[in-house]
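Residue numbers (the numbering used here): 741 to 981. Each residue gets a CB set at the ideal place from its N, CA and C atoms; glycine is no exception. All values reported here derive from a predicted model rather than from experimental measurement. What follows is a single structure, written as structure tokens, with notes after it.
Here you go:
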């Protein structure tokens, strides 16, 4: 593995379009990619395909990384690689959904967008079910089938350029398995209250939408959104302590 200063120098060159810098970063971080790939082997996906997808995630990490994140590049790259692999598994791997479900999912997505424009809020699962004349559980299944795993490197507030991602303050070391454990945030999540833990698990590990969580908890989508923001802020503070 490269030293931190060497990695930063290569990233700067790569972001300016230096292909040799990208190749050097990829070559030196191949052990990291293979370590992550081990968790997705044995799922009827070719090794070469897994490696190519992992490389896509790694290159995205290079392009999006900023030195002001104050975090090691490997820590930042891991969730992006994991997210890319999960998306591949969901879209092209062993998880399949019927054409009818995909069609329904697309129609629901279009309805939700129109509803938000007209009402300045998201429709509830029940409202979607009434509109399409189907059961609420069928709505949830169709919406979930279109969801890709939420990567923990995504910003909490996409409209705020200064908003940090959940992993900005996570430390790292040379042990890649420890890095992945930190990415999953086990120790911090275990310190949350049962309700907070349920929201985080449903949102980030079960790929549920805020509307689905709201229906599950019996509250509004707006309440879930506010609770999620507060929980993420609480998690960031724990990392800063």
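Return yes when the Cβ of residue j is within less than 8 Å of the Cβ of residue i, no when it is not.
i	j	result
residue 762	residue 802	yes
residue 769	residue 798	yes
residue 943	residue 973	no
residue 750	residue 764	yes
residue 876	residue 882	no
residue 766	residue 795	yes
residue 748	residue 807	yes
Going by beta carbon distance, what residues of the same chain come within less than 8 Å of residue i, once the five residues before and after it are set aside?
i	result
residue 850	none
residue 781	787, 790
residue 982	Given a span of 741 to 981 for the chain in the structure shown, any question on residue 982 remains unanswerable.
residue 871	851, 863
residue 962	861
Three-state secondary structure (DSSP) at residue i?
i	result
residue 804	helix
residue 772	helix
residue 852	helix
residue 873	coil
residue 934	helix
residue 915	Low local confidence applies: a pLDDT of 47 at residue 915 is under 50, so the model's placement there is unreliable, with the coordinate-based value given in what follows. In the structure shown, residue 915 sits in coil (DSSP, three-state: anything other than H, G, I, E or B).
residue 786	coil
residue 819	helix
residue 860	coil
residue 946	coil
residue 758	coil
residue 866	helix
residue 812	coil
residue 951	helix
residue 958	coil
residue 750	helix
residue 743	coil
residue 781	coil
Might you give, ordered along the chain, the residues of its own chain that have their beta carbon closer than 7 Å to the beta carbon of residue i, omitting 5 neighbours on each side?
i	result
residue 960	954
residue 880	865, 952
residue 938	none
residue 805	751, 813, 816
residue 744	812
Determine, for residue i, whether the minimum Cβ-Cβ distance to residues of chain B falls below 8 Å.
i	result
residue 959	Here chain B cannot be found, since the structure has a single protein chain.
Once the 5 residues before and after residue i are set aside, which same chain residues still bring their CB inside 6 Å of it?
i	result
residue 800	820
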